[in-house]
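Residue numbers 4 to 122, in the numbering used here, belong to the letters of the sequence shown in order. See structure below.
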Amino acid sequence: STGIVVRMNIASREEEINIMRLVGATELYVLIPLLLEGAFLGLLAALAAIGGLWLIWLPLSLGKINFSPFLAEAAKLIFFSYKNIILLSATGLLTGATGALWGARSAQRNVTERELNTN
4 STGIVVRMNI ASREEEINIM RLVGATELYV LIPLLLEGAF LGLLAALAAI GGLWLIWLPL
64 SLGKINFSPF LAEAAKLIFF SYKNIILLSA TGLLTGATGA LWGARSAQRN VTERELNTN
């Protein structure tokens, strides 16, 4: 989904990107803001997932839902250790950046095909 968001973003900014290229901007210069945006979206998604896990775990740990206290504590150790929170966040960040790269490359391929068809 990050790739699709980035493709829509590129489509809405196509004129600006073309102007940047005309004045000599490299592909990397155009790509870096898109990668950062994708990484940010991925990080937000990972943090939302961690928040969702916490919202599920909290009533379990307080005994509001009939669940084994041992399993609730095990879930806390599995999901909420610092290492796992960092790992989940880094995974979201990398997944978002990869999706943004895919979206940018896909949009660039579409522009190239369109240019070839018009010539």
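The beta carbon of each residue, even a glycine, is placed where N, CA and C say it ideally should be.
Residue j and residue i - do their beta-carbons sit closer together than 7 Å?
i, j, result
"G95", "A48", "yes"
"L80", "I53", "no"
"V9", "A78", "no"
"A107", "L34", "yes"
"L63", "F73", "no"
"T5", "L44", "yes"
Enumerate in chain order the residues of its own chain whose CB-to-CB distance from residue i is below 6 Å, with the five nearest sequence positions on each side excluded.
i, result
"V26", "none"
"L39", "none"
Figure out for me which residue from the options has the closest Cα to the Cα of residue i.
i, options, result
"I7", "T101, G54, W57", "T101"
"I88", "F73, G99, L56", "L56"
"F83", "S71, G99, L58, T98", "L58"
"T115", "S4, N21, T5", "N21"
Buried or exposed: which applies to residue i, given that a residue is buried once 16 or more other Cβ atoms fall within 10 Å of its Cβ?
i, result
"T121", "exposed"
"I13", "buried"
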